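Just below is one structure, and these are the notes that go with it.
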Amino acid sequence: MIASFPQPPGPAPLLVEVTRGGFVESRHHVICALTDGQGALLAAWGDVEMPVSPRSACKPLQQIALVESGAADAFGLSAEELALACASHSGQKEHVARVGAWLGRLGLGEADLECGAHFPYHEPSAQELWRTGTRPTQLHNNCSGKHAGFLTLARHLDLPTRGYVEKAHPVQQQIATVMGEMTGAPLREAPWGPDGCGIPTYAYPLAALARGLARMAAPDGLAPARAAACRRLLDAMGGQPLMVAGEGRFDTAAMRATGPRIVTKGGAEGVHVAAIRERGWGLAVKSLDGAARAADAATAAVLDWLGLLGPAEQAALAPFRRQRLETRRGIEAGFVRMAEAGF
């Protein structure tokens, strides 16, 4: 524990409430870990040693190998492309076009991706596909940038591109090694399963996930190539927030406000992380019922509670900290928000 901010009152998880009118309709319990770059646990709400699957929240950690191997420089990756490699993008035209052009420089195309296809998260983009009778491609998959990063690493290391999503493929083995070193979690012995995009996702303690982000935020103790990779990835994400998520989404709104000072990344099943670079801290949040709305509310509230947000940043995250619920006619019905006794 540290004395620069108030300490959590005990081991209970954070509590996010869903209100309707004047009563609480639902409650989400959220666990949260804050660590420093040396791995010390600074604050915890709930059982942060419980294994969780970070899903897409660990994408910045997954792409360290892309940069420290020299692959990013060998193929001239831009900051936008590095941000896309760490992204869960919304399938907007900007995302789809840039991933397609990136694959073209590798001598590959959409068919070489192994992430599967789904409609864009960005509703206007999805509606445009419906309107024109166009089926989504793998480029629309929110993970297509991450997969382009994996293919870049495979090309650079002269490895087969087919099957790059398999746990035994050298690309995934190298990524698992780097993530294990960054988090301190023994990933080779950890439970795992296929993520939505097909790659292996490992279960390890939430505190270890926070530790990995803290080491990215304060990389001076790492080997020079790895430290440089961490800085470059976080700079890219913070400098290109639209590429990391999309319009109306937490990560884009947060990093438009904070820039590379606080770099955030969400994942499926209610996981969210932040690399707090000005303090060298890593934050990891998990909604125990998998609700993304609760993870967004808790992440915004904790960042503010830690004294990290100025007025403009508070305003940018206010719609996520207190999420307005409406009827089908647009009339206010209630809110998703941290409970008054949430801390």
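Residue numbers in the sequence shown follow our numbering, run continuously in steps of one, and reach 433 at the last position. Where is the CB? At the ideal position from N, CA and C, for every residue including glycine. Since the model is a prediction, treat every value here as computed from it, not as a measurement.
Nearest-angstrom Cβ-Cβ length linking residue i and residue j, presumed shorter than 8 angstroms
i    : j    : result
G160 : H246 : 7 angstroms
A201 : H230 : Wrong, their Cβ atoms sit about 14 angstroms apart, outside the cutoff.
T291 : G283 : 6 angstroms
G360 : A385 : 4 angstroms
V261 : L277 : That belief does not hold up - the Cβ atoms of V261 and L277 are roughly 15 angstroms apart, past 8 angstroms.
K236 : Q152 : 7 angstroms
M327 : V363 : 11 angstroms between Cβ atoms; not a contact.
P103 : L378 : 7 angstroms
C233 : S178 : 7 angstroms
L299 : P144 : 5 angstroms
H212 : E337 : 7 angstroms
L324 : I154 : Actually they do not touch by this definition, with Cβ atoms about 11 angstroms apart.
R367 : A307 : 5 angstroms
L373 : V392 : 7 angstroms
L312 : R321 : Going by Cβ atoms, the distance from L312 to R321 rounds to 10 angstroms, so no, they are not a contact pair.
Residue i, buried or exposed, once every other Cβ within 10 Å from all chains shown has been counted against 16
i    : result
V426 : buried
W192 : buried
D126 : buried
P214 : exposed
W220 : exposed
D285 : buried
I421 : exposed
K149 : buried
I92  : Legend: pLDDT at I92 = 37, less than 50; position of this residue unreliable, value from coordinates given subsequently. Under this definition I92 is an exposed residue.
E158 : buried
Q228 : buried
K183 : exposed
V114 : exposed
E170 : buried
P210 : buried
T389 : buried
D341 : buried
T224 : exposed
E279 : exposed
P314 : exposed
P331 : buried
A244 : buried
P98  : Per-residue confidence for P98 stands at a pLDDT of 47, beneath the threshold of 50, marking its modelled position as unreliable; the derived number appears in the next sentence. By the neighbour-count rule (16 or more Cβ atoms within 10 Å), P98 is buried.
G253 : exposed
E218 : exposed
R418 : exposed
G197 : exposed
P96  : With a pLDDT of 43 at P96, under the threshold of 50, the modelled position of that residue is not reliable, and the figure given next carries that caveat. Its Cβ having fewer than 16 others within 10 Å, P96 is exposed.
A344 : buried
P309 : buried
P295 : buried
Those residues which DSSP pairs with residue i across a bridge
i    : result
A364 : T354, L373
G424 : L415
H118 : V106
F410 : BP columns for F410 are empty, so no partner.
Three-state class that DSSP yields for residue i in the structure shown
i    : result
M140 : coil
L479 : Residue 479 lies beyond the range of the chain shown here (91 to 433); nothing can be said about it.
D394 : helix
T417 : coil
L312 : coil
R339 : coil
E213 : helix
A293 : coil
E359 : coil
A123 : strand
A429 : coil
P96  : Summary for P96: the model assigns pLDDT 43, below 50, so the residue's position carries little reliability; its value from the coordinates is reported in the next sentence. The answer is coil: DSSP assigns P96 none of H, G, I, E or B.
M91  : Reliability of the predicted coordinates at M91 is poor, the pLDDT of 33 falling under 50, and no value is obtained from them.
Below-7 angstroms beta-carbon distance, residue i vs any chain D residue
i    : result
D341 : In the structure shown, chain D cannot be found, because there is only a single protein chain.
* Output the residue ranges of the alpha helix (DSSP H) runs that lie fully inside the region 216 to 284 and measure 4 residues or longer, sorted by chain position. => 234 to 246, 260 to 273
* Just list the alpha helix (DSSP H) runs in the region 127 to 197, keeping only unbroken ones of 4 residues or longer that don't cross its boundaries, in chain order. => 149 to 152, 154 to 158, 161 to 164, 169 to 175, 183 to 195
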